[in-house]
Amino acid sequence: MKSGKVLAVCLNPTFELTVVLDSFYENEVNRTANYFTLPSGKGINVARVLTQLGTEAHVLTHLGGSRAGEFLNLCKAENIILEYFSSASPVRTCINIVNGEKKTSTEIVQEPLAVEKGAGKCAFDLFDSLIGQFDALVITGTRAQGYEADLYSRMTARAKELGKLVVLDLKGEDLRRSLLFRPDVIKPNLSELVATVEKGRVVFENENSDALRETVYSVTKKIFEDYGTKSVISRGKFDTWVYDGNDFSAVPNKEVPVVNTIGCGDALTAGMIHSLLAGKSLSDAVRFGMDCALKNAQSLRLGLR
Numbered sequence: 000m001k002s003g004k005v006l007a008v009c010l011n012p013t014f015e016l017t018v019v020l021d022s023f024y025e026n027e028v029n030r031t032a033n034y035f036t037l038p039s040g041k042g043i044n045v046a047r048v049l050t051q052l053g054t055e056a057h058v059l060t061h062l063g064g065s066r067a068g069e070f071l072n073l074c075k076a077e078n079i080i081l082e083y084f085s086s087a088s089p090v091r092t093c094i095n096i097v098n099g100e101k102k103t104s105t106e107i108v109q110e111p112l113a114v115e116k117g118a119g120k121c122a123f124d125l126f127d128s129l130i131g132q133f134d135a136l137v138i139t140g141t142r143a144q145g146y147e148a149d150l151y152s153r154m155t156a157r158a159k160e161l162g163k164l165v166v167l168d169l170k171g172e173d174l175r176r177s178l179l180f181r182p183d184v185i186k187p188n189l190s191e192l193v194a195t196v197e198k199g200r201v202v203f204e205n206e207n208s209d210a211l212r213e214t215v216y217s218v219t220k221k222i223f224e225d226y227g228t229k230s231v232i233s234r235g236k237f238d239t240w241v242y243d244g245n246d247f248s249a250v251p252n253k254e255v256p257v258v259n260t261i262g263c264g265d266a267l268t269a270g271m272i273h274s275l276l277a278g279k280s281l282s283d284a285v286r287f288g289m290d291c292a293l294k295n296a297q298s299l300r301l302g303l304r
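Residue 130 in numbering that gives the first Met the number 0 sits at position 131 of the sequence shown, and the numbers go up by one each step.
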């Protein structure tokens, strides 16, 4: 079955500089010749995996700064299709330090400069001109500062008006506002879900208890009752919790040697959307998405290869 077309919204594009070290010593000079730069940002990561799976995906984003051309070239090299508008906000750089000795990956995230006034209108106008051509919308990640607080919810509303499949990997106010327009699936991680529905409560992604499971079951059931929205809650190394409108289930994770954790959640999102567009059930789609996440985790480079 031919898969549909996906528009991924990524309003925080990133250069991902991966530095691979045999060992890492704080307060010392650490040298390596093993490093590389890839285009990133959550929407870019989702589109990369969708493209590798054979699903056509385009990324709506902004580009600015002296390295915008480099970003375009890096995307072109991976067949990632950009739909972009120019902005005064330069593409940020995040650094992923891979420590071979301890088998860890640590990300240093650079916060972006705010976009200029009017960028939100540019983003929505471009979105509105494109969304009719696509079968699905995925909005994932935080907005750069300067975008209006209702931008993601307006995009969600417009896509649902047109009958598109809408998947959101959002948190906080962006998720709360967007739920009002009945997206099909939300995919926050555990800590993001709890922080969204219970302000002030802190739960870490890898926490695991029967009481917590009951809390998440109640929350996701209510979200479906109120908005008709299904939930996929990722939990790092633990099972992924799924509420599909009828049942609350746990999709088991597999233990594999982990090389790099960056982009694993985005790979899950991509695999899930690919499967949903092919007519699979949500639980089956999540299983396939988790397999994609595991492949990403076993590679230094983002994606499935």
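Virtual Cβ for every residue (Gly too), placed ideally from N, Cα, C.
- For residue 91, there is no enclosing alpha helix (DSSP H); the enclosing beta strand (DSSP E) covers residues 91–98.
- Spatial neighbours of residue 79 in its own chain (CB-CB distance under 7 Å, excluding positions within 5 residues in sequence) are listed in chain order as 38, 43, 46, 47, 50 and 58.
- For residue 12, DSSP assigns no beta-bridge partner whatsoever.
- In the three-state reduction of the DSSP assignment, residue 137 falls in the strand class, which pools E and B.
- A residue is called buried once 16 or more other Cβ atoms fall within 10 Å of its Cβ, and residue 24, having fewer, is exposed.
- At the C-beta level, residue 173 and residue 99 stay beyond 8 Å of one another.
- Two segments are said to touch when three or more pairs of C-beta atoms, one from each, lie closer than 8 Å; by this definition the segment 290–298 touches the segment 254–268.
- Beta-bridge pairing by DSSP links residue 106 to 95.
- The C-beta distance from residue 186 to residue 233 rounds to 7 Å, short enough to meet the 8 Å contact threshold.
- Residue 209 is not a Cβ neighbour of residue 176, given a cutoff of 8 Å.
- The C-beta distance from residue 93 to residue 108 rounds to 5 Å, short enough to fall under 8 Å.
- By the criterion of a C-beta distance shorter than 7 Å, residue 250 is surrounded in its chain by 238, 239, 241, 282, 285, 286 and 289, once the five residues flanking it on both sides are discounted.
- One Cα belongs to residue 124, the other to residue 103, and the distance between them is close to 42 Å.
- Residue burial annotation: residue 33 is exposed, with fewer than 16 other C-beta atoms found within 10 angstroms of its C-beta.
- Beta-bridge partners of residue 188 (DSSP): 233.
- Taking the Cα of residue 263 as reference, the smallest distance to any Cα among 31, 41 and 164 is reached at 41.
- For secondary structure counted as the beta strand (DSSP E) over 3 or more consecutive residues, the segment 108–174 holds these complete runs in sequence order: 135–139 and 164–168.
- Put simply, of 217, 272 and 192 the residue whose alpha carbon is nearest the alpha carbon of residue 245 is 217.
- In this structure, the beta-carbon distance from residue 191 to residue 170 falls below 8 Å.
- Scanning the segment 244–275 from its first residue to its last, the whole beta strand (DSSP E) runs of 3-plus residues come out as 247–250.
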